[in-house]
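All letters in the sequence shown, in the order written, are residues -34 to -1, 1 to 138 by mature numbering (1 follows the signal peptide of the UniProt record, and there is no 0).
Idealized CB from N, CA, C, for every residue including glycine.
Owing to the predicted nature of the structure, the values given are computational and were not obtained by experimental measurement.
Written below as structure tokens is the structure these notes are about.
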Amino acid sequence: MEPPSASPRAGRGPWQELLLAVSLLISWNPPTTAQVTVESVPPNAAEGKDALLRVLNLPGDTAGLAWFRGETVLPTHKILLYVIDTKVTTPGPAYSRRETIYPNGSLLFQNITLNDTGSYILQIINRKFETALVPGQLRVFRDSCTGPGLTVSRCVGVIPGACKRKDSALSS
């Protein structure tokens, strides 16, 4: 048996143990879980092109996904529902046949229109049937660099809503 002076607490008072505990708590960084986010790719999409609402950090226990148009989750605003295990996609009332949902939750819009601009909500359903809502935003602009006699390849310094022809007096 060791003498009492060899114990790990020898020479330390209660205040030193408290100080040690506080310093460990301050310096300890708990593991963080990645936050699910939705980003628009591209951030500002040209009318008539494709755009993606890309989902980042989808949890591994996801059982199903549903996309809704607008800022509220209403059955009438549902675009698509996707069940992960069965890989079954079910369209909702807001489905326009131009949207595709992927297993990672991302939503592809084909041939987007100005009417597609707005808020979207991704509903994530886990295996315990708990839900989480993640907002997304899609911005669509009218591409004034397309039209009769003017193609995107002839535009200089494309800015949404403005375009210069190479052969115009405005170009340098």
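C-alpha gap between residue i and residue j, whole angstroms
| i | j | result |
| --- | --- | --- |
| THR97 | LEU31 | 9 Å |
| LEU73 | PRO41 | 18 Å |
| VAL49 | ASN92 | 11 Å |
| GLY58 | ARG64 | 13 Å |
| LEU24 | LYS94 | 16 Å |
| TYR68 | THR83 | 20 Å |
| GLY71 | SER110 | 32 Å |
| ALA81 | VAL2 | Sequence check: residue 81 is Asn here, not Ala. Straight-line Cα distance between these residues: approximately 26 Å. |
| VAL7 | THR28 | 23 Å |
| ILE45 | ARG108 | 24 Å |
Close Cβ partners of residue i (< 6 Å) along its chain, the five nearest in sequence each way excluded
| i | result |
| --- | --- |
| LEU47 | ALA32 and THR56 |
| ALA11 | ALA17, ILE78 and VAL106 |
| THR66 | LEU74 |
Buried/exposed call for residue i, threshold 16 Cβ in 10 Å
| i | result |
| --- | --- |
| SER85 | exposed |
| THR38 | exposed |
| ARG35 | buried |
| THR52 | exposed |
| GLY102 | buried |
| GLY14 | exposed |
Reference residue i; option with closest CA among the options
| i | options | result |
| --- | --- | --- |
| HIS43 | ASP51, SER62 and LEU22 | SER62 |
| ARG20 | ILE87, GLY36 and ALA29 | ILE87 |
| LEU104 | ALA(-1), PRO9, VAL2 and GLN1 | PRO9 |
| VAL4 | ARG108, LEU99, GLY14 and SER110 | LEU99 |
| GLY26 | SER6, ILE90 and THR83 | ILE90 |
Close beta carbons around residue i, own chain, < 7 Å, minus the five adjacent residues each side
| i | result |
| --- | --- |
| ALA(-1) | ASN23 |
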